[in-house]
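Okay, so here's the structure we're looking at.
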Amino acid sequence: MAACKTILAVAWLDRESLKAMNLLFSNLLEINHVYPEKNLDVEIVANGYHPSYRHCKEALAILAESYKNAMNENVIPHYSGFVRQQSFLTEESKGPLVEQDPTSIGGRVILDLAKSLLTRYEITLLGFSENIKPLLR
């Protein structure tokens with residue numbers, strides 16, 4: 112953890128992930144206390160959101176309230192297209208959703224997340240960076 116500047120934490124919207132966030136931030140505070148020049152931070156991406164599931168709404172609300180400055184603006188939905196990337200009967204991969212169906216809800220969210228992370232981590236892609244206009248915090 113101490114080898115980086117920002118930790119990317121993808122949090123499934125359940126109780127165990129919320130507990131893990133507490134542990135992650137506790138470790139982060141400890142590292143920053145011992146090595147103040149590091150000034151590590153975290154970016155949280157909420158994963159598996161389904162508006163019909165109460166636990167998802169509650170977990171997202173807790174994350175947003177507790178870690179509002181660390182939350183990425185993109186929330187990955189619970190989307191059936193993610194499951195269809197891999198065949199259940201064989202080891203065959205059908206390829207990433209963003210290649211299969213980039214205009215789907217899941218594909219668009221992943222592309223928006225990628226744009227956000229490219230901007231956040233100051234990664235440029237030749238011929239593409241000028242087109243990246245993600246939502247910023």
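First residue of the sequence shown? That's 112 in our numbering, and the numbers climb one at a time after it. The beta-carbon is built from N, C-alpha and C at its ideal position, and this holds for glycine as well.
The shortest CA-to-CA distance from E154 to any of A120, K130, I173, S163 is the one to A120. Here N138 carries a helix assignment [DSSP, helix/strand/coil]. If you ignore the 5 residues before and after V220, its C-beta comes within less than 7 Å of the C-beta of N185, I187, P188, all in its own chain and listed in chain order. Contact between the stretch 173-184 and the stretch 123-134 is present, with at least three C-beta pairs closer than 8 Å.
Rounded to whole angstroms, S204 and Q211 show a C-alpha spacing of 11 Å. Per DSSP, the beta-bridge partners of M182 are I155. S128 is not bridged by DSSP to any residue.
In the DSSP assignment, I118 falls within the unbroken beta strand (DSSP E) covering 117-123.
Here S215 is not bridged, per DSSP, to any residue. With a beta-carbon spacing of about 7 Å, I118 and L151 fall inside the 8 Å limit used to define contacts. With a cutoff of 8 Å on beta-carbon distance, A113 and K149 are scored as near each other.
Contact between V156 and L229 is ruled out by a C-beta separation of about 14 Å, above the 8 Å threshold.
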